[in-house]
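Enquirer: Following this message is one structure expressed as structure tokens.
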Amino acid sequence: RSKGCEKHQIFFIDNYEVLCHAASGLAIDIVDDVPVLHRRRAVDSRPNPWSHPLLEFSSVNSQIQ
1 RSKGCEKHQI FFIDNYEVLC HAASGLAIDI VDDVPVLHRR RAVDSRPNPW SHPLLEFSSV
61 NSQIQ
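The letter at position 26 of the sequence shown is residue 26 when you use the UniProt record's numbering, and the numbering goes up by one with no holes.
Set out below in structure tokens:
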């Protein structure tokens, strides 16, 4: 086994409960059944193409549905 190879096999769960690669610090995601490393997108309070759709609520007879 080559020296330094061990760190490439170490992973951790960050504060946001995301699986990360220790050597690069990048998040691990699955795309088309293949694990990939990716940088996390910056958090933005305004909706953008990568954000989740906002929740919609309606009130019928004083009950949230």
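Note that the Cβ used here is the ideal one computed from N, Cα and C, for glycine as well. Given the structure is predicted, the values throughout are model-derived calculations rather than measurements.
#1: Which one or two residues does DSSP pair with residue 26 in a beta bridge?
#2: Determine whether the Cβ of residue 15 lies closer than 7 Å to any Cβ atom of chain C.
#3: Please name the residue in 60, 28, 10 whose C-alpha comes closest to that of residue 16.
#4: Assuming residue 23 and residue 12 are in contact, meaning their beta carbons sit under 8 Å apart, how far apart are those beta carbons, in whole angstroms?
#5: When you compare the CB positions of residue 37 and residue 26, do they come within less than 7 Å of one another, or not?
Expert: Judging by the given coordinates:
#1: DSSP, once it has assigned bridges, lists no residue as partnering residue 26.
#2: The structure shown has no chain C; it contains just one protein chain.
#3: 28
#4: The pair is not a contact, with the Cβ atoms about 11 Å apart (cut-off 8 Å).
#5: yes
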